[in-house]
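Report on one structure; see the data block that follows.
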Amino acid sequence: MPPENAVPDTAARSLAHWSEEGRREMEAFYALARLDYQLLADALDYPELFRVVRERAGGGAVSLLDVACGSGKFPETLLERTELAAQDDLRVDYDLLDPAPFSLQEAAAVLRPPFHEAARHEVTMEDLDPAVGPFDVVWATHALYALQPENVDAAARRMLDALAPHGVLLLAQGAYDGHYLAFYRAFLEGVRGGEGTAYVSCEQLTDALGRVGADDTHEVEVRRISYEHVVADDDREVLEGFLQRCAFDDTVSLEQMREAPVLGAYLEACHDADAGVHRFRQETDLVLLTPNDGTPA
Ligand SMILES: C[S@@+](CC[C@H](N)C(=O)[O-])C[C@H]1O[C@@H](n2cnc3c(N)ncnc32)[C@H](O)[C@@H]1O
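Here the working numbering is used: the first residue of the sequence shown is 19, the next is one more, and so on.
Structure, rendered in structure tokens:
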């Protein structure tokens with residue numbers, strides 16, 4: 019049993035922050051993190067991806083599972099930045115999955131044609147009812163950071179099982195060396211004395227997909243997207259709010275982070291004093307699984 023005053027671990031803090039009480043912090047975070055989704059939206063030809071999947075499925079509506087849908091930034095950004103909204107002949111029956119009811123509600127509210135809400139699953143990926151699926155498309159974008167390490171293989175297996183034989187899986191998540199993972203490791207080390215569970219990296223998820231058999235049935239293509247989140251030093255509210263959300267912890271101020279061992283050095287290394295900005299280097303992997311019988315992506 020953890021002591022009564024123990025700080026809740028990563029998965030519990032993630033769940034608590036995906037809530038109405040966490041809205042202000044979430045909005046500060048997306049002032050910068052919106053870029054994560056813009057780059058993903060620009061990285062692939064989504065109308066073509068849906069066209070190919072629909073053809074392979076034999077026509078009709080495309081079924082899709084959005085894993086860890088969060089507040090729906092990915093579908094919202096696709097609707098803003100791609101030609102998907104103009105595809106009059108495309109219908110996507112869109113299932114939302116998330117353990118947080120707040121996230122399900124927020125994501126449902128952004129869906130517009132061709133995305134039509136089909137079902138909500140208030141559950142973790144690893145616990146999704148085996149009877150749900152299969153889907154033509156499964157995607158999980160900046161989604162599974164807070165998975166408990168012992169559940170990574172189960173979540174990977176369930177995602178793979180949720181795919182129709184002709185289906186496509188799209189995964190996008192920070193890599194081990196990118197800011198989200200590196201910052202949180204430094205936070206746990208410097209602020210929490212090494213206690214707590216680090217975020218799951220895209221490499222861990224991709225390895226897990228291989229362990230549960232994806233390499234036998236699918237082509238696995240990994241594309242690295244490298245970029246920076248840049249925030250002006252005098253934009254203190256965004257800087258602090260972004261970093262607090264990166265750790266799901268708004269009890270530690272920017273000053274406390276700067277003074278902490280390990281984390282202080284990490285933040286100093288991100289500081290470009292000449293330009294008066296902080297630069298947070300992101301390394302995101304976009305992983306595409308397509309059936310290895312030649313289906314193009
Ligand atoms: C950063 S958000 C995902 C963003 C989302 N893809 C978007 O388009 O905005 C992370 C979400 O993962 C959810 N989550 C945490 N643990 C999970 C798990 N084990 N399985 C599924 N979802 C989980 C959280 O509740 C949160 O809503």
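A virtual CB, placed ideally from N, CA and C, is assigned to each residue, including glycine.
Item                                                                                                          : Value
Bridge-paired residues (DSSP) for residue 302                                                                 : 192 and 243
Cβ pair residue 235, residue 309 closer than 8 Å                                                              : yes
heavy atom of ligand 1 below 7 Å from residue 116 C-beta                                                      : yes
Best match in 296, 254, 103 and 224 for proximity to residue 302 [C-alpha to C-alpha]                         : 224
Any non-hydrogen atom of ligand 1 within 7 Å of residue 160 CB                                                : yes
Residue 297 in three-state terms, based on DSSP                                                               : strand
Residue 143 beta carbon near ligand 1 (any heavy atom closer than 7 Å)                                        : yes
Buried or exposed by the 16-neighbour rule on C-beta atoms within 10 Å, applied to residue 22                 : The predicted position of residue 22 is uncertain, since its pLDDT is 48 and thus under 50; a value taken from the coordinates is nonetheless stated next. Exposed, by the Cβ-count rule.
Where residue 80 falls: helix, strand or coil (DSSP)                                                          : strand
Buried versus exposed call for residue 20 [16 or more other C-beta atoms within 10 Å across all chains shown] : Residue confidence for residue 20 is low, a pLDDT of 45 falling below 50, so the modelled location carries little weight; the figure read from the coordinates is stated next. Its Cβ having fewer than 16 others within 10 Å, residue 20 is exposed.
Distance, residue 227 Cα to residue 295 Cα                                                                    : 38 Å
Backbone secondary structure at residue 26 - three-state DSSP                                                 : coil
Reference residue 60, options 88, 98 and 42, closest by Cα                                                    : 98
Counted within 10 angstroms of its Cβ, other Cβ atoms place residue 304 as buried (16 or more) or exposed     : buried
Reference residue 29, options 254, 173, 135 and 162, closest by Cα                                            : 162
Check whether residue 154 and residue 136 have beta carbons under 8 Å apart                                   : no
Residue 101 vs residue 128 beta-carbon contact at 8 Å                                                         : no
Unbroken stretches of the beta strand (DSSP E), 3 residues or longer, contained in the segment 152-204        : 153-159 and 181-192
Residue range of the unbroken alpha helix (DSSP H) whose run includes residue 270                             : Neither: residue 270 is in no alpha helix (DSSP H) and is coded neither H nor E.
Contact check, residue 254 vs residue 44, beta carbons under 8 Å                                              : no
Element boundaries [alpha helix (DSSP H), containing residue 135]                                             : No alpha helix (DSSP H) contains residue 135, which is instead part of the beta strand (DSSP E) from 133-139.
Distance CB(residue 132)-CB(residue 108) smaller than 8 Å                                                     : yes
Burial state of residue 191 (16 or more Cβ within 10 Å)                                                       : buried
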